[in-house]
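Undergrad:
In my numbering, the protein residues as written are 75 to 338.
Shown next, in the form of structure tokens:
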């Protein structure tokens, strides 16, 4: 089965999307140990000369955790305020952790208009290419403080796919709180089997992509399948895997059979 993932071994441009559930404790507070482990793995990839972008959720959760609130208790405008507070907290944490590994970071906040406009897409691509030239790690998030639709649907899966299109990424890695695509919902069926390799987004595959509930994260498997369809436009391969598993990025990039590999 190793040969199924040969293209991963030669990937030179990678987008890693990490979901809120992979960055937080069950309480909703940021998981510093988990974030540091992620930073260490990304730093290793970066130092190998691979162009890597981190698309990070977690701003709203960071704001909520700072003020001791829960997502279900607040209004839409309050969520936007939490994003404004939390984005700063999140970036401060990333800057501190990545600096320990000798990496400078650059923050980019995007909205839907940045992808709808060819001119703005070109500017975004130019910015990313410049950051790569300066050996800076781009960290991208939706501008949650103003992007109402993002707050409603938790769309960083799609955001990561659109970023993959802009840079013609070889590989998109979507890290979540689930091991990949299962034959059934593993939270309801402990016997459900993980699907390791998908070569076609058939109706059967789409039927398996039932969204799962998570109070802190709103993007389920259906959102991820939609993101994969977008990534296909730039011939980007995708892996969905569990972001809380130790050395998950190392295992994926070594071609190990972890997560679900979408070879489309």
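Each residue gets a CB set at the ideal place from its N, CA and C atoms; glycine is no exception.
1. Please go through the stretch 204-292 and give each complete beta strand (DSSP E) segment of 3 or more residues, from N-terminal end onward.
2. How is residue 297 classed by DSSP in three states: helix, strand or coil?
3. Taking the beta carbon of residue 120 as the centre, do at least 16 other beta carbons fall within 10 Å, making it buried, or is it exposed?
4. Does residue 84 pass the burial test, meaning 16 or more other C-beta atoms within 10 Å, or should it be called exposed?
5. Spell out the partners DSSP gives residue 180 in its beta bridges.
6. Take the Cβ of residue 339 as the centre, count every other Cβ of all protein chains shown within 10 Å, and call the residue buried at 16 or more, exposed below.
7. Measure the C-alpha to C-alpha separation of residue 189 and residue 195 and round it to an integer number of angstroms.
8. Name the one or two DSSP bridge partners that residue 335 has.
9. Could you say which of 236, 108, 296 and 135 lies nearest to residue 304 if we only look at CA atoms?
10. I need the straight-line Cα distance from residue 319 to residue 102, nearest angstrom please.
11. First and last residue of the beta strand (DSSP E) that includes residue 125?
12. Thinking C-alpha only, which one of 217, 257 and 159 is nearest residue 182?
13. From this set, 192, 153, 186 and 132, which residue's C-alpha is nearest residue 163's C-alpha?
14. Between which two residues does the alpha helix (DSSP H) carrying residue 170 extend?
15. Secondary structure at residue 98, three-state DSSP: helix, strand or coil?
TA: Per the coordinate set shown:
1. 210-216 and 245-250
2. helix
3. buried
4. exposed
5. 212
6. Because the chain in this structure spans residues 75 to 338, residue 339 falls outside the shown range and cannot be described.
7. 5 angstroms
8. 271 and 313
9. 236
10. 18 angstroms
11. 125-130
12. 217
13. 132
14. 150-173
15. strand
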